[in-house]
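For the sequence shown, my numbering begins at 1307 and goes up steadily by one. Virtual Cβ for every residue (Gly too), placed ideally from N, Cα, C. A quick note: this is a predicted structure, and the numbers were derived from the prediction, not measured.
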Amino acid sequence: MTHRIAPLILAGIISASAFAAEWPEWRGPGGQGHASAKGLPTVWSETSGIAWKANIPGRGWSSPVIDGKQIWLTTAIETPAKPEDAARRLKANTGDQPLTILEQVGLRAVCVDRDSGRIIHDVPLLTEREPQGVHKLNSYASCSPVIEGGRLYCHFGTFGTVCVDTAKGALVWKNTNLHIQHENGPGSTPVLWKNLLIFHLDGSDKQFLVALDKTTGTLAWKTDRSGAMNANPQLKKSYGTPIVVESGGRAELISPAADWLYAYDPASGRELWKLPFGRLGFSITPRPVTGHGMIFMSTGFMKPEMLAVKLDGTHDIAWRYAKGAPTMPSPLLVGEELYFVSDAGVITCLDAKTGTEHYKERLGGDYSSSPIFADGKIYIGSRTGLVTVITPGKKFEALGKNQLPGKIMATPAAVDGALFIRTDEALFRIGSGAKP
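Structure (structure tokens):
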């Protein structure tokens, strides 16, 4: 069901691309994990090849976004709950996952100077007492921000959405009117389309997606998920991020959710089509990628599979691949090959058109971060801080293995000869400007 809140005048609206930042969103321009940066490093260490290290206050897994000299990310300042309070709230929880329970969380946006690594803005955004718990592998600041035209858009799921003036480091608006039960904490990153900020809210209790007017933060449209789902509320939740594609001469918002892949009109929220992929997945985290007239997506937790869905109007499933599909990292399409890394650290390379396997290789470690393609290389970061650099192609070839302190949950950014990698300890600039 779609709830139309206010008429939107779309004619003449300047799209986000007119104000394009160098790295405007999670996984870069277009959200596909591709960067135009050149001269990127292949080898570095904790003591060499690092231009600077910026210690970020609090805890958060959101990925950095970059516009000009500014690098922005979000973080959470956590006040742990007292043991007796944590025990009481855990007892009332309906799920069975290990959770972080807080007395209070302060959600913030932090801006780092691209040249020096100095923090130039630390902006308080929202404060929540006794917030919902988040999974031990999640954080309260895992949704990545979006930046364009002097505005930063920060989303924290049920806790709210905020717009920041990037020049002043000041709040422009906030919306705290949309609530769900995440169970494991927020994880869906927003996308900008023309004058709308669009994001998913797929909880165990309610499942819908919304668009906010990016100028005011007011609700433009809200659409409930229409597909039948498992009766178990724990299998209804999801943490997906949409993408907008052109198909059949129109824009389609491709939106993965529990048990279904949906497409909507991004202007109105009207459902265009939906595809049931079976009771294979919920808690979908990977973001789809597109190419060769298809959408490539993972079905998430339970029975993860990689699917190729046709964008030819039939929306048929072209192929399925069930061995080593990720539940957290997103896939990466480079030319004719589709790459994905399982949570357990096995990288798979498939022929994107047919689903035929080219290779599987164990990288070692566990993975949540999504790979990126930049300067002819693929970069893959692990939860142990190891970044493996490989050459794209039908045969596995590792160019370097590089260790950073801490664990990598966020996805790297690549701009102007440098990699920007966030760990749980700090933000690193690696490459141009680095000391030998």
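Query                                                                                                                                                                   : Result
With DSSP run on the structure shown, which of helix, strand or coil describes residue 1583?                                                                            : coil
Can residue 1492 and residue 1459 be called in contact, C-beta distance under 9 Å?                                                                                      : no
Do residue 1514 and residue 1525 have their beta-carbon atoms positioned less than 9 Å apart in this structure?                                                         : no
Indicate whether residue 1602 and residue 1562 have their beta-carbon atoms separated by less than 9 Å.                                                                 : no
Rounded to whole angstroms, what's the CA-CA distance from residue 1591 to residue 1358? Just pull it up for me.                                                        : 30 Å
Can you give the Cα-Cα distance for residue 1598 and residue 1658, rounded to whole angstroms?                                                                          : 8 Å
Is the number of C-beta pairs between the segment 1390 to 1399 and the segment 1347 to 1356 that are closer than 8 Å three or more?                                     : no
Does the segment 1549 to 1557 come close enough to the segment 1482 to 1502 that 3 or more CB-CB pairs lie under 8 Å?                                                   : yes
For residue 1465, name the three-state secondary structure that DSSP assigns.                                                                                           : helix
Candidates 1685, 1472, 1730: which alpha carbon is nearest residue 1376's?                                                                                              : 1472
DSSP has residue 1603 in a bridge; who is on the other side?                                                                                                            : 1613
Taking one C-beta from the segment 1692 to 1709 and one from the segment 1653 to 1671 each time, how about it: are there three or more such pairs within less than 8 Å? : yes
For residue 1368 and residue 1450, which I take to be in contact (beta-carbon distance under 8 Å), what is that distance rounded to the nearest angstrom?               : 4 Å
Where does residue 1772 land, buried or exposed, given buried means 16+ other C-beta within 10 angstroms?                                                               : Any question about residue 1772 goes unanswered here, given that the chain covers just 1307 to 1742.
Rank 1444, 1474, 1621, 1482 by C-alpha distance to the C-alpha of residue 1689 and give the top, closest one.                                                           : 1444
I need the DSSP call for residue 1626, collapsed to helix, strand or coil.                                                                                              : strand
Could you tell me which of 1518, 1488, 1573, 1579 sits nearest to residue 1531, measuring between CA atoms?                                                             : 1579
Nearest to residue 1567 by CA position, among 1540, 1487, 1671, 1604, is which residue?                                                                                 : 1604
In chain order, which continuous runs of the beta strand (DSSP E) of length 3 or greater are located wholly inside the segment 1522 to 1599?                            : 1525 to 1530, 1549 to 1553, 1556 to 1563, 1566 to 1570, 1577 to 1582, 1595 to 1597
Would you please state the rounded distance, in angstroms, between the beta carbons of residue 1714 and residue 1687? I believe it to be under 8 Å.                     : 4 Å
Determine the DSSP secondary structure at residue 1395, reduced to helix, strand or coil.                                                                               : helix
Give the secondary structure of residue 1412 by DSSP, where H, G and I count as helix, E and B as strand, and everything else as coil.                                  : strand
Would you say the segment 1628 to 1642 touches the segment 1611 to 1620, given that touching needs at least three Cβ pairs under 8 Å?                                   : yes
Run through DSSP, which three-state label would residue 1723 get?                                                                                                       : coil
Looking only at DSSP bridge pairs, what is residue 1683 linked to?                                                                                                      : 1680
Would the beta-carbon of residue 1413 fall within 9 Å of that of residue 1385?                                                                                          : no
Relative to the C-alpha of residue 1737, which candidate in 1731, 1722, 1623 has its C-alpha closest?                                                                   : 1722
Is it the case that the Cβ atoms of residue 1520 and residue 1469 are separated by a distance below 9 Å?                                                                : yes
Rounded to whole angstroms, what is the Cα-Cα separation between residue 1634 and residue 1418?                                                                         : 27 Å
Let me know the secondary structure DSSP gives residue 1430 once reduced to three states.                                                                               : strand
Looking only at its chain, what residues have a beta carbon closer than 7 Å to the beta carbon of residue 1511, apart from the 5 residues adjacent to it on each side?  : 1486, 1487, 1539
Check for me: the beta strand (DSSP E) holding residue 1386 runs from which residue to which?                                                                           : 1376 to 1386
When DSSP labels each residue in this structure, what does residue 1390 get in the three-state scheme?                                                                  : helix
What first and last residue would you give for the beta strand (DSSP E) that runs through residue 1359?                                                                 : 1356 to 1361
Please state whether DSSP places residue 1737 in a helix, a strand or coil.                                                                                             : strand
Start and end of the beta strand (DSSP E) containing residue 1499?                                                                                                      : 1497 to 1499
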